[in-house]
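All remarks here apply to the structure that follows.
What follows is the structure, encoded as structure tokens:
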């Protein structure tokens, strides 16, 4: 064999020693790096389709060894084209103690119109002695577009959590997707169905489930209770529960987070209850329903004080300012204290329908009782009605009117005739600024009112007292400042004392006073009570005392700090790289509904959203996720930390992180198909040696790439 033949043979042997790329991996990479597929078949011409289906699935399941669990999957078509005969199948290519149970089919031969989606599930099963790990599951999508066969692979990562080896009950709650309304218009009622399953190895007893998050009135109960009880669930047994909910007409569009809190006991009821929660969101759309609107107009009621045993009339107009006829109108005027202000006429009137722009007049009669005391008696005016947009609950509008009763002074022993006691009250108070922040000064304005229509009050002394000082503890609660300061007030006057003096206030007159106060910086956030103590005299030097309470809300400034964004390795196309960031509550108030979201173009995230919930002062937490770049170039990650402060205001902290993905693709086949010019034998030999060295280098490079991918997979627990 001559040298030339040996050289060629060595080249062939070296090339064949390089491991071939599997056809499935090549197809998968081709589909990941392309935004379209070329459909070929018996058609006269090939057609390029831009269609791409998106897949979302459960990311975490609890699975007892040797048992099965459902993975819920949703496939959405937002590509602008319809897809026919859509089939979806789940595949684990290298199963290791975690398997697809059955054939893995999620759906078969479904027609998926543009903008629509379908849901299904497949089952995952584990071997014995299974440990928690994250596994990649390939969702293989097959469908036709204009009679051309298309195929698409999507990889999802499912965190399978193995329970403790001890025999315990375990309750799992999931939404029943087949009965769940994904998009709900504001102003309608709907059902929220859930499956409650015992995924443990022993019986779960006395299961109590409560629905939390209805306090803001965006989503409320339509009927029924917000709690439900399940007496007993055997291992593997399920029960279905549901809540009847409704959205308000005024609910703004958006995603609203709710939570199911649950607790239960095991076979031994004397043991401590096991607790947990399941969080879910409800997406609210803007309602297309525009109901008619009834408004109260021209309300008349007594503005001067009224004595006992006096008749009182309250009248008003009700006008339809909407676009539809209001019908089934019921109008009520309800005294909130019948012992002081009683109804003389009927308290409810059934009115005729009102067309748009029409109005009707209503009048109700009341009488002050012989036992009425000196104060304001509220009357609630309410109208309920329906129109053609009404679904179930009638619409409602209301208004409050007040009747001030002046009771006579009781006769003292030996006193002739009857006199009235002069009454001094705080008619109105306000703060500047309206939101009072701990440690910062604020102004409190008081409007003092002499309610007596015939007697003046004089030599008026007013001194203010408040609650005992509380401060924010390191654990986020509040604590008394100690016995040495137990008598210290929450509020401290600035450049003045906490006592006012007013020479006199004429009958029926008002006087305004202002005081500047402050608190210490670590005052706990809550509403404190300030008591105004009155000492005054009437024209006969008769002394009187009285007290009024003032609620002063104090808040702590919310503060959330974000640490350094740290990737755990370099970013490469198609490869998962972990990224983490710490965040801290460095303020002195609890942060509510803390949520972290990560976004970025050309990037995939295995955990795009993390819901922390309530975040106590002095606490810290960590957000981490795996990031998979889909293309080369400069990339930007945006982390948004959103929360509500103690006043209910929404706040957010945004951090960006930029990096660049290099295109490390090797030379293409086209680049390799070139003709060498004819050279002498020595030149060919040298060229062959160079080729061998280059191929050997390529083999080393491929091996390094494989080793790196293997290490990355081990880091992910694959």
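In mature numbering (1 follows the signal peptide of the UniProt record, and there is no 0), the protein residues as written are -23 to -1, 1 to 695.
No residue lacks a Cβ here, since even glycine has one placed at the ideal position from N, Cα and C.
In this text the structure is predicted, and so the values were computed from the model without any measurement.
CB contact check: residue i to chain B, cutoff 8 Å
| i | result |
| --- | --- |
| residue 410 | Although the question refers to chain B, the structure presented lacks it and comprises just one protein chain. |
Inter-residue spacing [alpha-carbon to alpha-carbon] between residue i and residue j
| i | j | result |
| --- | --- | --- |
| residue 515 | residue 486 | 14 Å |
| residue 115 | residue 65 | 10 Å |
| residue 511 | residue 421 | 17 Å |
| residue 440 | residue 297 | 50 Å |
| residue 352 | residue 279 | 14 Å |
| residue 708 | residue 507 | Residue 708 cannot be examined here, being either before or after the span of the chain that is shown, -23 to 695. |
| residue 622 | residue 150 | 29 Å |
| residue 520 | residue 377 | 35 Å |
| residue 584 | residue 601 | 8 Å |
| residue 324 | residue 317 | 16 Å |
| residue 620 | residue 531 | 19 Å |
| residue 348 | residue 283 | 13 Å |
| residue 398 | residue 385 | 7 Å |
| residue 272 | residue 558 | 52 Å |
| residue 118 | residue 108 | 30 Å |
| residue 166 | residue 152 | 18 Å |
| residue 626 | residue 70 | 48 Å |
| residue 187 | residue 154 | 20 Å |
| residue 330 | residue 336 | 10 Å |
| residue 498 | residue 541 | 29 Å |
| residue 459 | residue 467 | Low per-residue confidence applies at residue 459: pLDDT is 42, beneath 50, and the placement is therefore not dependable, though the value from the model is reported in the following sentence. Computed Cα separation, rounded: 14 Å. |
| residue 381 | residue 346 | 13 Å |
Residues near residue i in its chain [Cβ-Cβ closer than 6 Å; skip 5 each side]
| i | result |
| --- | --- |
| residue 344 | 288, 319, 321 |
| residue 775 | This structure gives no information on residue 775, because the portion of the chain shown stretches from -23 to 695. |
| residue 543 | 557 |
| residue 545 | 555 |
| residue 393 | Model confidence at residue 393 stands at a pLDDT of 48, short of 50, so the residue's coordinates are unreliable; what they give is reported in the following sentence. Within the same chain, residue 393 has no close Cβ partners at all. |
| residue 359 | 309, 375 |
| residue 527 | 406, 507 |
Residue(s) in a DSSP beta bridge with residue i
| i | result |
| --- | --- |
| residue 513 | 521 |
| residue 47 | 100 |
| residue 398 | DSSP lists no partner for residue 398. |
| residue 204 | 187 |
| residue 209 | 182 |
| residue 64 | 119 |
| residue 383 | In DSSP, residue 383 forms no bridge with anything. |
| residue 559 | 599 |
| residue 505 | 529 |
| residue 632 | 616 |
| residue 218 | 171 |
| residue 707 | No answer is possible for residue 707: it lies beyond the span of the chain, which begins at -23 and ends at 695. |
| residue 543 | 557 |
| residue 376 | 358 |
Where residue i sits in the DSSP three-state scheme
| i | result |
| --- | --- |
| residue 294 | strand |
| residue 324 | coil |
| residue 392 | A caution first: residue 392 carries a pLDDT of 47, below 50, which makes its placement in the model unreliable, though a value can still be read off. Here residue 392 sits in coil by DSSP. |
| residue 156 | helix |
| residue 480 | strand |
| residue 354 | strand |
| residue 552 | coil |
| residue 166 | strand |
| residue 233 | strand |
| residue 282 | coil |
| residue 580 | strand |
| residue 40 | coil |
| residue 417 | coil |
| residue 329 | coil |
| residue 127 | strand |
| residue 73 | coil |
Cutoff 7 Å; reference residue i; Cβ partners in own chain excluding five residues on either side
| i | result |
| --- | --- |
| residue 696 | Residue 696 is absent from the model: the chain starts at -23 and stops at 695. |
| residue 148 | 173, 175, 181, 184, 239, 241, 253 |
| residue 326 | 308, 339 |
| residue 193 | none |
| residue 83 | 50, 65, 66, 67, 97, 98, 99 |
Sequence-distant residues of its chain with Cβ nearer than 8 Å to residue i (five each side left out)
| i | result |
| --- | --- |
| residue 404 | 424, 425, 426, 487 |
| residue 564 | 533, 534, 535, 536, 537, 594 |
| residue 491 | 420, 421, 422, 423 |
| residue 190 | 196, 233, 234, 235, 236 |
| residue 48 | 34, 35, 38, 67, 98, 99, 100, 101, 114, 135 |
Inter-stretch contact at 8 Å, needing at least 3 Cβ pairs: the stretch 606 to 617 / the stretch 588 to 596
no
How about the stretch 298 to 313 and the stretch 197 to 211: do they share at least three Cβ pairs that are nearer than 8 Å?
no
Okay, do the stretch 68 to 78 and the stretch 154 to 167 touch, 3+ Cβ pairs below 8 Å being the bar?
no
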